[in-house]
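Undergrad: Going down the list, the sequences are from chains A, B, C and D.
Its first residue numbered 1, the first sequence is counted upward by one per residue in this note's numbering.
Its first residue numbered 1001, the second sequence is counted upward by one per residue in this note's numbering.
Its first residue numbered 2001, the third sequence is counted upward by one per residue in this note's numbering.
Its first residue numbered 3001, the fourth sequence is counted upward by one per residue in this note's numbering.
All C-beta atoms, glycine included, are put in the ideal place defined by N, C-alpha and C.
As the structure is a prediction and not an experimental result, all values here were calculated from the model.
4 protein chains.
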Amino acid sequence: MAIDRRATFGSFGVVADAADDGDNIIHCPTLRNELAARPSPFIAHDYFGGGFVSDRDRVCLQSIKFAGERSAGSRSQDNLQARWCQLVLREARTRVSEDTLPPQGYLHLPDYAMRSGPREIIYHNPSDTHIAICTVGGICPGLNDVVRALVHKALDYGVPESNVMGIRYGFRGFTDRQHRPVQLTRRMVEEIHLEGGTVLGTSRALPVVSEIVKRLDLWKIDILFIVGGRGGNAAAEAITRECDSKHVPCCVVAVPKSIDNDLLLIDKTFGFETAVEEAQKAILAAKVEASSAYQGIGIVKLMGRQSGFITVSAALASGIVDAVLIPEVKFTLDGEKGLFAYLERIMQEKGHCVLCVAEGAGQDMITDQAPKTDLAGRPELMDVGLWLKRQFKARFKNADIKYIEPTCMIRSIPTTAGDRVYCKMLAHGAVHGAFAGFTGITVGLVNTHYCYLPIPLIIQAPRRVEARGELWNRLRSSIGQPNFE
Amino acid sequence: MAIDRRATFGSFGVVADAADDGDNIIHCPTLRNELAARPSPFIAHDYFGGGFVSDRDRVCLQSIKFAGERSAGSRSQDNLQARWCQLVLREARTRVSEDTLPPQGYLHLPDYAMRSGPREIIYHNPSDTHIAICTVGGICPGLNDVVRALVHKALDYGVPESNVMGIRYGFRGFTDRQHRPVQLTRRMVEEIHLEGGTVLGTSRALPVVSEIVKRLDLWKIDILFIVGGRGGNAAAEAITRECDSKHVPCCVVAVPKSIDNDLLLIDKTFGFETAVEEAQKAILAAKVEASSAYQGIGIVKLMGRQSGFITVSAALASGIVDAVLIPEVKFTLDGEKGLFAYLERIMQEKGHCVLCVAEGAGQDMITDQAPKTDLAGRPELMDVGLWLKRQFKARFKNADIKYIEPTCMIRSIPTTAGDRVYCKMLAHGAVHGAFAGFTGITVGLVNTHYCYLPIPLIIQAPRRVEARGELWNRLRSSIGQPNFE
Amino acid sequence: MAIDRRATFGSFGVVADAADDGDNIIHCPTLRNELAARPSPFIAHDYFGGGFVSDRDRVCLQSIKFAGERSAGSRSQDNLQARWCQLVLREARTRVSEDTLPPQGYLHLPDYAMRSGPREIIYHNPSDTHIAICTVGGICPGLNDVVRALVHKALDYGVPESNVMGIRYGFRGFTDRQHRPVQLTRRMVEEIHLEGGTVLGTSRALPVVSEIVKRLDLWKIDILFIVGGRGGNAAAEAITRECDSKHVPCCVVAVPKSIDNDLLLIDKTFGFETAVEEAQKAILAAKVEASSAYQGIGIVKLMGRQSGFITVSAALASGIVDAVLIPEVKFTLDGEKGLFAYLERIMQEKGHCVLCVAEGAGQDMITDQAPKTDLAGRPELMDVGLWLKRQFKARFKNADIKYIEPTCMIRSIPTTAGDRVYCKMLAHGAVHGAFAGFTGITVGLVNTHYCYLPIPLIIQAPRRVEARGELWNRLRSSIGQPNFE
Amino acid sequence: MAIDRRATFGSFGVVADAADDGDNIIHCPTLRNELAARPSPFIAHDYFGGGFVSDRDRVCLQSIKFAGERSAGSRSQDNLQARWCQLVLREARTRVSEDTLPPQGYLHLPDYAMRSGPREIIYHNPSDTHIAICTVGGICPGLNDVVRALVHKALDYGVPESNVMGIRYGFRGFTDRQHRPVQLTRRMVEEIHLEGGTVLGTSRALPVVSEIVKRLDLWKIDILFIVGGRGGNAAAEAITRECDSKHVPCCVVAVPKSIDNDLLLIDKTFGFETAVEEAQKAILAAKVEASSAYQGIGIVKLMGRQSGFITVSAALASGIVDAVLIPEVKFTLDGEKGLFAYLERIMQEKGHCVLCVAEGAGQDMITDQAPKTDLAGRPELMDVGLWLKRQFKARFKNADIKYIEPTCMIRSIPTTAGDRVYCKMLAHGAVHGAFAGFTGITVGLVNTHYCYLPIPLIIQAPRRVEARGELWNRLRSSIGQPNFE
């Protein structure tokens, strides 16, 4: 068996080639050589009148051109381009095997990606296709929406209900005999999008790739959908490779999940919009608490291990935050330009202040906590919220400090309408991609269009708020915050 | 000057006398002897066609009769009656002066209280009346509703806008020169009920009663409204007495506030309904987290220093809680009948569980935390939530434990419609009571009717969930929880 | 067979007798003579430690005493007492048979009712009891909560899951062969309280009493729960009587439902709190529309065929309504004291205004609509909202009129926490009452306590907002509205 | 005076020229020739570290390339390109003067637009700049957000608070002596984003362009912001031209508003996301009503005079709609392929159905309503909702039909977090654009980047859901609906 890496570059099954009209496009790997082509069942369908998507339809990966280096935000883009070659994905390295990582000096960002959507020719026989769906990592608004839409679209293709199975509790469900896969029917998923969480259950259990591929083979799974973050995508890539080397003809398609919105290239991750909406409520609560109290200080800790997107966006949306701390931007507490001096001025003006901090901020400054590890032995973040609370108590002796940590309440809610549509479109795209014979791909919205991306492309590094980029500038010019350094 | 304590009992300005028809009724103290009577301005008003309330209208304090001691809930009521004589209000004792407390062996629960509402004869000249409004203690949904309705009704009586002042940051605002009272106009309060918190600001600063009364005298305040909890009511009582002894003819009327709903006699406190509504959302979040995780345990810590009302009501409402811990009911963690053994069984059945705990529960069991005191030097509660989280981690080694503490998010939200109406009615009653010349009273809903109660009556002890009473039984029979002992 | 009407008065199975201690109490009819007594299964249960409720526990039906006729609200109460004898329940008369109606000159309002709750002796053998649940009439928030709690409590008693059935689409489901009853399991009802509407379906189909009783007999139903309004309660009473005359030993227990809150004696109906909460949102929308427009007028039509409770409560809660029209209070549009002249003044002051109208208001003034009848041939209300809109357009020629009718959006939402608890308690009370052998009863909260009431007592007339009573006065004094007459 | 139309094409102040690197870019007209250049105040600002945007930064107007005509959605795009030359903007023609319209055979869609953002060189002296803000047309979530952010950013530039004025009630406020402009201070706008509607008021009054320009001159307005839809943008263009011809050096910048999301080129309009979120609630209500009733049919009428975006998006998000009708797609009721036959099949399967209809759908089919005109004499839409309701009643005789029209409740709510950020960014971009000396421009998000567009470009025609395009196909393949023709 062989994944079709024609025109691939190095060992990645990914290529930036020049299409007929001179465009530089990233192709996605396929299993088409191993599978039999057949016409899409939608050709005959009355209700799908809009035609199909061509493999040569393509979506711009960049929709902006900068006049030069001095243009706002351009440096962050330049950085992106430059760092593309240099980044080492430490995290993925730890989680999966070394060789799923991009080689050093790897690739240029190509101009175009392949468009997502239904193909006229498909490569699985729907009535005989077995499908498995797995949600991995932390919960995030939209998991049930994605699961529901995967099931619906698979059934629309003609896959029998008895052939669609849900893996329980993330990768654990491949091997845990107490939690066997469950069959997923149209009826079972009918209203799950109205609930938060995931009906399949999830976990952060590390994937034992060889065992998983054995089960895929044993259970005759033709298509595996993995809804997960960078770790989950890296696992999907590793499973793709293991399938390839063990001649298990299973198409692996990821739906990228990250409540932190820290995935490269993709306009936004699903659940992010919902999370910002809910996070804002916590900020408003902090504002009410702080402004009602004598010398009130409200501190809100939000999600964001490596990236401050939720924190920045929620602060920007609320319009009432005085200072924001994120992992990407260093800060000092003391000194004339420090956070404390700044907030003291705010307190004098307004009588109170509100601070938002992303959970991954200031990790290097926390010296009074013992390092912890999670169930899987990975290092856990120090608690910057509690640390800040203590620092504030020491500095603002008479202040009434309220500390809010709404993470669980944010992660567990059902999706907003926007995320609901987005999840559905991603899932449909994933199903179309799998039936089109692609493997080792992930689905994403890029410059407002849905497209397919080879997994390695998006997991090379976490996407971050650029300290000199547009988003951070917007926030700063909006709330008037200096850099505390 | 003399508060009218005709027919009072002891030094309390409170009496349970026998009305003309043999009913045993609690009268409220008045300053009528010191003030000039005049007709209510509403007599002429076209728009107030419903007549006035008489001082002899009365409201039952008990609307149930038990067949005997064996009837469910009767013992808790009997206890109430019995304990009426014995309770020592430790807290009030600390907060105010010793002599505001009820003497031992004080009184029987009378049958009736006076009805709240507009009187035909009033004792302040509206055009010449000065009013001060003060919110004290922690924030609670509805404070702004109450402030708004106090202002509106005072203006309806004909008090000039220039005569209505708001005291800033609780009792602190009487003496803090940096935060002088603010004038409250109709326009200023127009939309404050749509926001949480209190526009006046609040604090837990202890009242310096003599200083406060000096300011009342200096500023010529005729009516002082204090929106506060048991502490605030005790302070109101102390201020009433100090006014009496210093011959400052100011009517002091409290609006009882307790998000915990722990006030004696009153059907429910304002903000409680709102708090339960919001608390439930945190419980649902915990459920989603727990059920989505492998061996998920959701722990929600809710408000309730001495009383479990919010915790029990929110758990009852949610319909998805497995166990509830409150201050009123002892529990053990270990042993066959302990919480852990119980939850292990639940985990085996369902794969996950959800626990709600009131912040005041299990205080005597927490041995690993140093006692803390708040800004005012009062002892603070130990953190039962974090303690439980640690205990659970030690016991359920593979469990995925999510801990949610939504207190600030609950306290700071705007009111539900029910609370909105309730706040308005309480505030209107308070204004009517003050114009009727009453002092040292508080306003409350008792058996669905609004009435006036002498302050000492409701602050003798916190109201509690009776361990053998109806509410706790309802919860237990609803969720099937044993007592963990 | 005979319903136990010992000590009943006339043909009603209802009596106001003098209990041992001289109290005047309304007893409820029972089938105990026909059934075998046995101990409650909860006696042994560890988890129900609070004891049982006695048949002699009683709840006050009146918790206020007026000084005299001049006291605000007293006349409305007097009216209540007086009208108790005179009212003819036209509606129930039409819906069911003549003889379910109270005889003229019927009864005095007694002092006490029986308390709801678990009895120590029960009269059905749980393991052999068959139960049917039926929701009738329009939808209302809380129907699913009630159904869920009925099922849960029945299962708690020990009724097998296979013995609990749900009747589809109201009374229609007794005879419609296409919609047979469904079995209700714990799993099926697990999350239904999180959704609006009713999982059983409902309809306004008239009950064919004889056919229903035949099915109760055929299907060996021991307990029938009917969740319905005055019509549904009247039907429950008729079914009770038909069971009696046909010797079908089925206990019929109603759970009273009325989103309009128009049931006599009961503190509030379930779903009402939720409806007011949601109605308020429509009012706020109208305010935003009106105040953003040039000469904006917002009109909101709310529920309330005969009673203005929702309209008055939502208007009171919102704090931003300028005028309210309800069925109970006549109004004129024109003339110096008319609605138009009043709103013109408001428009001049503020530039806009907001009006709330209950659907049943002003029916006698609408002359430009043809009378309509519903599916069952009953007269439908004229559309007062559209009529008002036209009248306003004719009068306020340049105004920008926005008309909002949120009824469906209000009726269909899930319950607030308060209603959620309330529904649960009502349903538990209903199950306890049925097992205690009562029949022809309904469950309600009276003066903050749950009690059982013979059905005829509450269906004699719709409860109404008294034009000279407290609620209407509160509204008027709160918004400053005159009577438009 | 002369607007700088160097390199403009025809009379539009718009040009698609070839930038240095061969890109085809649309320039925006400026008043720079008339104004004095000076450095941006942000150059010195510590807190704006991200640099400036260059006039030569550019944003792609197309971020997708189709393989060919057969690719799904390509024809709609081709249409767009083709129709670009042919469309006649009837509406704008009626509203403003003939010559603001694009000439026939006008332009090709260029490749790039200018990027929005702060320029290093500005053309107004902030301390001496007078600004007017005007909201026109119907209300839409986000108006207050936009007004607030315009004020904030203008003050950030250094404009004195006394120089920022709000025009009342749309264009009417320029000439209505009873509603003079109001000064807008930081304090006044502080919390307006938490409320729906517009604090300035709005109206659909037609602009009298010459009178408006007289006032701009008289009041010495340097910058005019108009927040409005296609009509408002057309008016902004006409005012720009009148300013030009009358030598009034005022920069006119529009912020495009359309709750229907029917503006060309722009990713989405502000308020749309919020509207879809809220619309979905109405759909869920319809689902609950329909599924709880016997043969229930829920009909929801949503906004969308010419475009079905809200209807399609809300239906797609809800996941529970059976059929959707929009203005862009013809339908028939009767016949084998008609709506009725389709819904009959759905009713047989499920027992109920839900239909969403955009207000502009089926206008040519409604023959039983007299045409109406609005206050300004423009034709109003027929009420397709009531018409459908009647048609359904005639066809489905026993069905229980619920009709919901939530428009006012949708338009009046505050913004979601996403819209809140979006409004802020648009408004900031508008202020930057005005200070950069641009005039006759509008601000928009295009392919995820903010850019400036000459007004004529976006008002040529309403954007529509393409009957053969992606969105409609997504909906149809998601809900399985055929075309009813």
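With a threshold of 8 Å between beta carbons, is threonine 3240 of chain D in contact with chain A?
TA: Cβ-Cβ to chain A under 8 Å: no for threonine 3240 of chain D.
Undergrad: Am I right that isoleucine 3139 of chain D and serine 3412 of chain D are in contact with their C-beta atoms under 8 Å? What's the rounded C-beta distance?
TA: The pair is a contact, with the Cβ atoms about 6 Å apart (cut-off 8 Å).
Undergrad: Is there a Cβ from chain G that is less than 8 Å from the Cβ of glycine 418 of chain A?
TA: Among the protein chains of the structure shown, namely A, B, C and D, there is no chain G.
Undergrad: Give a yes or no on whether the C-beta atoms belonging to tyrosine 1123 of chain B and leucine 1035 of chain B are separated by under 8 Å.
TA: The answer is yes: Cβ separation under 8 Å.
Undergrad: Is lysine 65 of chain A close to chain D? Criterion is C-beta to C-beta, closer than 8 Å.
TA: Output row for lysine 65 of chain A: interface = yes.
Undergrad: Determine, using beta carbons only, whether asparagine 2079 of chain C comes closer than 8 Å to chain D.
TA: For asparagine 2079 of chain C, the predicted model reports a pLDDT of 44, less than 50, meaning its position is unreliable; a value from the coordinates is still stated below. No - not a single Cβ of chain D is within 8 Å of the one on asparagine 2079 of chain C.
Undergrad: At a Cβ cut of 7 Å, what residues of the region 177 to 194 of chain A count as close to chain D, listed as they run along the chain?
TA: Against chain D - using a Cβ distance shorter than 7 Å - the residues of the region 177 to 194 of chain A are His193.
Undergrad: In terms of residues, what are the limits of the alpha helix (DSSP H) holding arginine 1476 of chain B?
TA: Taken as a continuous stretch (DSSP letters only), the alpha helix (DSSP H) holding arginine 1476 of chain B covers 1470 to 1479.
Undergrad: Under three-state DSSP, which class holds valine 465 of chain A?
TA: Three-state DSSP puts valine 465 of chain A in coil, outside helix and strand.
Undergrad: Under 7 Å, CB to CB, which of the residues in the region 128 to 140 of chain A have a partner in chain D?
TA: So nothing in the stretch comes that close.
Undergrad: Which residues share a DSSP beta bridge with alanine 1317 of chain B?
TA: None; alanine 1317 of chain B has no bridge partner.
Undergrad: Would you say glutamate 2098 of chain C reaches chain D, if we count a Cβ-Cβ gap shorter than 8 Å as a contact?
TA: A caution first: glutamate 2098 of chain C carries a pLDDT of 39, below 50, which makes its placement in the model unreliable, though a value can still be read off. Glutamate 2098 of chain C does not count as touching chain D.
Undergrad: Under the assumption that lysine 1402 of chain B contacts cysteine 408 of chain A (Cβ atoms under 8 Å), give the Cβ distance between them as a whole number of angstroms.
TA: Lysine 1402 of chain B to cysteine 408 of chain A, Cβ: 5 Å. Contact.
Undergrad: Spell out whether any CB of chain B is found under 8 Å from the CB atom of threonine 202 of chain A.
TA: With 8 Å as the cut-off, threonine 202 of chain A counts as an interface residue toward chain B.
Undergrad: CB histidine 2432 of chain C to CB proline 2029 of chain C, shorter than 8 Å?
TA: No, the Cβ-Cβ distance between histidine 2432 of chain C and proline 2029 of chain C is not below 8 Å.
Undergrad: Any contact between the region 3384 to 3399 of chain D and the region 3218 to 3231 of chain D? By contact I mean 3 or more CB pairs, one from each, below 8 Å.
TA: Contact fails: fewer than three Cβ-Cβ distances are below 8 Å.
Undergrad: On the three-state DSSP scale, how would you describe threonine 129 of chain A?
TA: If DSSP states are grouped into helix, strand and coil, threonine 129 of chain A belongs with coil.
Undergrad: Compare the Cα-Cα distances from leucine 3339 of chain D to each of D/Leu3284, D/Pro3482, D/Ala3285 and D/Asp3176 and report the closest residue.
TA: The candidate whose alpha carbon is nearest that of leucine 3339 of chain D is D/Pro3482.
Undergrad: Is there at least one Cβ from chain D nearer than 8 Å to glutamate 277 of chain A's Cβ?
TA: Yes, its Cβ sits closer than 8 Å to a Cβ of chain D.
Undergrad: Can you find a CB in chain C that lies within less than 8 Å of the CB of histidine 1449 of chain B?
TA: Chain C contact via Cβ: present.
Undergrad: Taking the Cβ atom as the reference point for each residue, do glutamine 3460 of chain D and leucine 3264 of chain D lie within a distance shorter than 8 Å?
TA: Their beta carbons are under 8 Å apart, which means glutamine 3460 of chain D touches leucine 3264 of chain D by this criterion.
Undergrad: Does DSSP classify asparagine 1024 of chain B as helix, strand or coil?
TA: DSSP places asparagine 1024 of chain B in strand when its eight states are reduced to three.
Undergrad: Going by the CB atoms, is the gap between leucine 1475 of chain B and valine 1312 of chain B shorter than 8 Å?
TA: Their beta carbons are under 8 Å apart, which means valine 1312 of chain B touches leucine 1475 of chain B by this criterion.
Undergrad: Which class does proline 1414 of chain B belong to by DSSP, given the choice of helix, strand or coil?
TA: In this structure, proline 1414 of chain B counts as coil in the three-state DSSP scheme.
Undergrad: Skipping 5 residues on each side, what residues in its chain have a beta carbon closer than 6 Å to that of aspartate 322 of chain A?
TA: Only Ile346, Cys353 and Val354 meet the Cβ criterion.
Undergrad: Please state whether DSSP places histidine 2449 of chain C in a helix, a strand or coil.
TA: Of the three classes helix, strand and coil, the one that applies to histidine 2449 of chain C here is strand, per DSSP.
Undergrad: For the alpha helix (DSSP H) containing cysteine 3243 of chain D, list its first residue and its last residue.
TA: Taken as a continuous stretch (DSSP letters only), the alpha helix (DSSP H) holding cysteine 3243 of chain D covers 3230 to 3245.
Undergrad: Among A/Ala315, A/Val208, A/Val182 and A/Gly385, which residue has its Cα nearest to the Cα of glycine 201 of chain A?
TA: When each option's Cα is compared against that of glycine 201 of chain A, the closest is A/Val182.
Undergrad: For methionine 165 of chain A, which of helix, strand or coil comes out of DSSP?
TA: Residue state, collapsed to three classes: strand.
Undergrad: List in chain order: all unbroken alpha helix (DSSP H) runs of 4+ residues lying wholly within the region 2283 to 2333 of chain C.
TA: Those alpha helix (DSSP H) runs which fall completely within the region 2283 to 2333 of chain C and span 4+ residues are 2309 to 2318.
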